[in-house]
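Q: The structure's right below; bear with me while I get my questions together.
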Ligand code: FEO
């Protein structure tokens with residue numbers, strides 16, 4: 007069954023949101039490098055890589071269905087955060103925005119009676135649970151460390167080992 011124009015446009019919007027997410031996380035990585043926290047920078051770069059995979063999956067799905075993607079302008083991301091905690095809180099807020107966006111896409115698929123796309127989106131629904139949980143657990147650790155510079159140094163080493171899993 008062909009994908010409707012409404013569904014295809016909605017998937018295109020999500021494709022660009024995923025690229026936008028990658029851009030935001032690369033900007034956070036740059037701020038972490040500038041703040042002498044290379045481990046957090048690696049963590050964020052890894053996150054940005056996962057976002058590009060999220061975008062690529064949509065690209066592939068649309069192409070497989072005889073549609074195509076359109077690249078939209080990406081707004082300039084925030085460049086600086088007042089603390090590592092503020093940055094990761096920003097990342098969590100962004101992930102919650104993306105989760106809502108994915109859920110809206112599922113509602114669109116249901117309205118369009120597009121069972122294939124609804125099934126395809128199931129992966130994203132599950133992935134968003136992980137995305138929010140990963141950010142939240144880093145927030146928890148940062149709150150535990152508080153103002154302790156040595157604790158932050160240790161945590162920076164710990165998060166540097168993150169590997170892309172998407
Ligand atoms: Fe693609 Fe982090 O959601």
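Residue numbers (my numbering): 7 to 172. Just so you know, even glycine gets a beta-carbon here, dropped at the ideal spot from N, CA and C.
What is the residue span of the alpha helix (DSSP H) that residue 160 lies within?
A: Looking at the DSSP string, the run of the alpha helix (DSSP H) that includes residue 160 is 155-165.
Q: Suppose the cutoff is 6 Å on Cβ atoms and the five residues either side in sequence are ignored; what does the same chain contact list for residue 97 look like?
A: Answer for residue 97: 141, listed in chain order.
Q: Using the three-state DSSP reduction, which class does residue 134 fall into: helix, strand or coil?
A: Residue state, collapsed to three classes: helix.
Q: Could you name the residues of the same chain whose beta carbon sits closer than 6 Å to that of residue 120, not counting the 5 residues immediately before and after it, in chain order?
A: For residue 120, where only same-chain residues beyond five positions count, the Cβ hits under 6 Å are 13.
Q: Reducing DSSP to helix, strand and coil, say where residue 152 ends up.
A: Here residue 152 sits in coil by DSSP.
Q: Hey, would you say residue 46 sits closer than 8 Å to residue 165, going by beta carbons?
A: Taking 8 Å as the Cβ cut-off, residue 46 and residue 165 qualify as a contacting pair.
Q: Work out the CA separation of residue 29 and residue 84 for me, nearest whole Å.
A: Cα to Cα, the separation comes out at about 10 Å.
Q: Roughly how many whole angstroms lie between the Cα atoms of residue 77 and residue 22?
A: Between residue 77 and residue 22, the C-alpha separation is close to 7 Å.
Q: Whose CB is closer than 6 Å to a heavy atom of the ligand GDP? List the residues in chain order.
A: As for the ligand GDP, it is missing from this structure, which binds only the ligand FEO.
Q: DSSP three-state call for residue 7: helix, strand or coil?
A: Looking at residue 7 - three-state DSSP - the assignment turns out to be coil, as it is neither helix nor strand.
Q: In chain order, what are the residue ranges of uninterrupted alpha helix (DSSP H) at least 4 long that sit wholly in the segment 21-103?
A: The segment 21-103 contains these whole alpha helix (DSSP H) runs: 44-70.
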